[in-house]
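Input: a single structure, listed below in structure tokens.
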Amino acid sequence: MNKMNANKIWTRREILRAGLAGFGTAAMPLVFSRGAAAAEAAASNRILVVLEMSGGNDGLNTLVPYGDDAYYRHRPHIGIRPEKLLKVDEHFGFNPGMAGFERLYKDGKMAVVHGCGYAQPSFSHFTSMAYWHTGAPNSGEEYGWVGRLADAIDPKLTPNFIVNIDEVQSLAVRAKDHVPVVFDDPNTFGRKGMYQTRPLLDHVDENPDAANASQRYLLDVAKSAREASQLVRDAWTKYKTPVDYGIAAIDLPKVASLIAAGMPTRLYYTSFRHNAFDTHVQQSDLHQRLLTYTADAVAGFMKDMERIGRADDVAVMVFSEFGRRVPENTSLGTDHGTANHMYLIGRNVRGGQFGTPSNLSELDEGDNLQFTTDFRRVYATVIEGWLGYRDSQRLFSQRFETFPVFA
Amino acid sequence: MFLGIRSKAFALGALLAASAAAWAADGAGDLGPIASRDWSYAKAAHLLERAGFGGTPEEVARYAALAPEAAVRRLVRSKDVPNPLPAFDESDIHDPGLEPFPVSRPAATDRAKETGESMGVKVKPAGNRRLQPVADKFFYWLRASRLETHRMSYWWANRMLLTERPLEEKMALFWHGHFANSEEKIRDYRKLLMQIRLFQEKGTGNFRDLMIGVAQDPAMLAFLDAGVNVKGAPNENFAREIMELFTMGVGNYTEKDIREAARAFTGWNFKDLTFVIDPERHDDSVKNVLGQSGNFDGVEVIDVILAQPVTADYLAAKIYRYFVRQEITPELRKQLGAVLRDSNYELAPLLETIFLSKDFYSAAATGTRIKPPVELVVGTYRKMGLKEVPGVPDFNDVTEALGQKLFYPPTVAGWANGKSWITPGLLLTRGNFVYDIVFPDINFLPPDRYPGGDYQIAIVNDKLAQGYDVTTATKPDAKEVTSMSMQVDRDEDFNTRLASYRGWQTALQKVKPIPRATAKLDLSEMVLAAGSRNTREAVDYLVARFLSVEVDGGTRQRIAEFLSRELGTSELAGTETFLEEPLRLTLHLILSLPEYQLG
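In order, the protein sequences belong to chains A and B.
At position 219 of the first sequence (counting the first as 1) the number is 219 in our numbering, and the numbers step up by one without a gap.
Remember, our numbering sits 407 above the position in the second sequence when you count from 1.
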């Protein structure tokens, strides 16, 4: 890690310039934080960006196991022929739309983790996504894994520590103590109000008599909105990039603008939204298009990080709530399935493949892949290996072996 | 009937009292009915807020003057309450040739290539862009149906605003989130109109009727791909959502139950606006669903599902969580499920039990619910005393920005309620909505008349008028094009961008415009008629009229001082001629308090 860079966003001058000064000690360097594990993680300035592909991405047509005849037997119509694939080795090739991922992989900046899933899989989008969000399948965990992680590594509750770009807040970022900054369009992330009403509008979040929990929640959110909105809008307004993020950039340019502006955010959460990857019917063209958008946006984002000199500080994790059933359905699409790949991307990522691919000839009784890697091993990998918090066990109530993905 | 229900609810309450579980001193957890002597203006306001879209002081007073049973009955059993509201005034944009509408633009043009015709439009015999009229027609319907859907949401919002039967619309809105179908996929406003009318008509009736109605509703059949669920190749989408989202909830059935149930629904389909069963495609053999086996069809599978005890529990709990609060104890879930089950899925007894219960009026249930966006917007207009939904700001844009656009639920699971309505971004947007009512944007352009921005076709319009050939006129903006394609108008079957442009052009001619009046708001008249004599009284009046929770004295004092500064006096007498603008600033301040989001 670049030491100079590590200190950069924490200097008093930078804080002033970013408009953070008003928020007091919370934005100061976190040398007094409790617990060695938290202190180590807090001292780092590494950023994690999570991107979810909502709807259940068809992993088998994303990174295609073209070396396995079983793949073509199960998918006589929608299986992608070897000559069309962007091959990465003797066995796997990316979907033809994914030049962006192919480049990242060949440059050694992408780790693919095979066979990610969990026991007793749910085939419901909402349930399975909630399991991935909480990192606690088949339990009633109330908070998200990103939220719990923030509470653990940042007990001082740095404002704007978590940013979630979406229309609604993801369960993944729901925290006991942190109030995530959630917005969709930076341009409208601000309060309208005439000059003479401004002093009062700035204090709407101060009701000393807040009677019920909903009211207190609203006041907390109002405070977070006041603190974050100016920073976000300024960051977005100032941000200009020559980098091409492709046709549907998802929300990654917004993330880039905040990183460029020196926001103290360590955890970004974004989504390819609205169940886009739920490809039950005539999926081939649509699916390829969705993958192109994803690959172009992620590749563009990493290029942009290089451009602004933050590529060493940022890692991206990509996942979906489940893969799809191995045999194609009769509508030239695929139904809800199980195990899938996860992707870790960044200059500090050790590129290559990790974990064991699920065996296409040993499907479960529902014609689904059997998972080989608990997805929380990948979470633990980024929590420990990337963010430097050694106690991921505390977040998941059990120990998950990490992969040697981060140098 | 009504008394019977009441005593049943009371008996349930007594049952709970006898058990070890005790409810809070103020009645939280107690389904027993509140006493008439406890009925008050505040409780009537709470009832209207939850069972409807909030009320003006006059409406609240009318309900407060009734006994609680009568007030609740008026809402729940409202079919005999006169409610003269206009039917949706359709634009006459559909023609029979459009059916069956192709699933995609490629499907539309492929069909035309094969048969010489598509959507009632013939392929030109020769010349350039022979398929252009076909592509035009395809985009025309997409645009027209979308615009008409926007008009339809105005129609529905106006019903919510003006209805004498607020719970009828509120339940329709609940079911719209429960059976969440989106125009984004259905692409036919007529089907969605039928569906909403089904919700309005049967939404407080019997759930079995409603569930069967929905399962045979063309919008739902289209939304869940019923057409591809056929004998020998069942598609599980429909059966899965019925069990997971509509009736039982996850964890109460197996994957095998879904596969078997899907077979019972095979052959169910729609033809234009009619439900049809194709016997050739219906799997008529024995199915095993939830421990029952038989030669089930779809209705019988629904009956098997309704016979599961968990179904009534699931539905009752969802209704409770929508109307009362997000948290429900296992005891309440069981008791409310029993009410629904014992009435054979009649919804009225359940709703009456909830709205009469001590639990519903307890502190934990009052002023604690985060208003969903549509309720916030309609409720704001209702409390302002408006007689129509303003055209400025645009209702669809506002509700979309707030996260709840009618006819466009985000996923098949509908909208998540409670805290998920509020993020820092959305909280600010809620305040900005109020600003846009009290200070309408003079730069406002009606989105249903100016579609150019979103679809990048404004420039096509201009270039065609300047005599450019189609290839040049439709060239993507600000992108280099190779010299080859710049030279001449290309030979092609059709041009998609031109079709998009023409689709808009025809749709704009056919779809009626949305009226664009701003809010007819007269705050001066409102506070003076209420008898407010000074700024403090005016602020107290507005706070009480609009908010459901207390605002601390200090805040109210600061806002009153602000109003006094703006007026140059704290007395209202003599300020009539310049009172409106300062009051609008004041209302914006009051409705920007985070507390305004609670109902």
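Idealized CB from N, CA, C, for every residue including glycine.
Values in this document were obtained by computation on a predicted structure and should not be read as measured data.
Of B:Gly774, B:Tyr908 and B:Arg904, the smallest CA-CA separation from Asn212 of chain A is found for B:Gly774. Shown here, Leu51 of chain A sits in a strand according to DSSP, grouped into three states. In this structure, Gly461 of chain B sits away from Lys577 of chain B, with a CB-CB distance that is not shorter than 8 Å.
CA-CA distance, Val232 of chain A to Ser764 of chain B, rounds to 46 Å.
CA-CA distance, Ala380 of chain A to Leu63 of chain A, rounds to 23 Å.
Listed along chain B are Gly832, each with a C-beta nearer than 7 Å to that of Asp184 of chain A.
Lys192, Gly193, Met194, Gln196, Thr197, Pro199, Leu200, Leu201, His203, Val204, Asp205, Glu206, Asn207, Pro208, Asp209, Ala210, Ala211, Asn212, Ala213, Ser214, Gln215 and Tyr217: these are the residues of the segment 192-217 of chain A whose beta carbon lies less than 9 Å from some beta carbon of chain B, given in chain order.
Beta-bridge partners assigned by DSSP to Trp675 of chain B: B:Ile684. As the crow flies, the alpha-carbon of Gly351 of chain A is around 14 Å from that of His341 of chain A. Boundaries of the beta strand (DSSP E) harbouring His341 of chain A: Asn340 to Ile345, taken from the DSSP string. Interface flag for Val382 of chain A against chain B is unset, since no Cβ pair is found closer than 8 Å. For Val841 of chain B, the secondary structure class from DSSP, reduced to helix, strand or coil, is helix. When the beta-carbon positions are compared, Thr556 of chain B and Tyr596 of chain B come within less than 8 Å of each other. If the five residues before and after Met305 of chain A are omitted, its C-beta is found closer than 6 Å to the C-beta atoms of Ala311 and Val314, all from its own chain and listed in chain order.
Under the three-state reduction of DSSP output, Lys87 of chain A falls in the strand class.
When DSSP states are grouped into helix, strand and coil, Val113 of chain A belongs to the strand group. Here Val488 of chain B is exposed, its C-beta having fewer than 16 other C-beta atoms within 10 Å.
Using a Cβ-Cβ cut-off of 8 Å, Gly67 of chain A does not count as an interface residue toward chain B, since no Cβ of chain B sits closer than that to its own.
Beta-carbon to beta-carbon, Gly434 of chain B and Ser769 of chain B are separated by about 5 Å, close enough to satisfy the 8 Å threshold.
Secondary structure in the segment 227-260 of chain A: the alpha helix (DSSP H) runs of 4 residues or longer, each lying completely within the stretch, are 252-260 in chain order. Assignment of Ser358 of chain A by DSSP, reduced to helix, strand and coil, places it in the coil class.
Considering only beta carbons, the part of the segment 241-275 of chain A lying closer than 9 Å to chain B consists of Arg273, His274 and Asn275, in chain order. Cβ-Cβ distances below 7 Å link Gln288 of chain A to Asn95, Pro96 and Gly97 in the same chain, with the five nearest sequence neighbours on each side left out; the list follows chain order. Secondary structure in the segment 497-550 of chain B: no beta strand (DSSP E) run of 3 residues or longer lies completely within the stretch.
With 16 or more other Cβ atoms from the protein chains shown falling within 10 Å of its own Cβ, Lys192 of chain A counts as buried.
Cβ proximity to chain B below 9 Å picks out Asn329, Thr330, Ser331, Gly333 and Asp335 from the segment 324-335 of chain A.
DSSP places Phe969 of chain B inside the alpha helix (DSSP H), whose first and last residues are Gly960 to Leu974. Among the residues facing chain B, Thr279 of chain A is not included, as its CB has no counterpart in that chain under 8 Å away. Close partners of Ser229 of chain A in chain B (Cβ separation under 9 Å): Pro831, Gly832 and Leu835. Rounded to the nearest whole angstrom, the CA to CA distance from Gly639 of chain B to Gly656 of chain B is 27 Å. For a Cβ distance threshold of 8 Å, nothing in chain A lies close to Ile709 of chain B: the least Cβ distance comes to about 20 Å.
Residue environment for Arg481 of chain B: buried (at least 16 other C-beta atoms within 10 angstroms of its C-beta). If you check the CB distance, Ser271 of chain A and Ser170 of chain A come in under 8 Å. The criterion of a C-beta distance shorter than 8 Å is not satisfied by Val796 of chain B and Ala951 of chain B. Secondary structure of Lys223 of chain A (DSSP, three-state): helix.
Within the segment 144-173 of chain A, Glu167, Val168 and Gln169 place their CB atoms closer than 7 Å to a CB of chain B, listed in sequence order.
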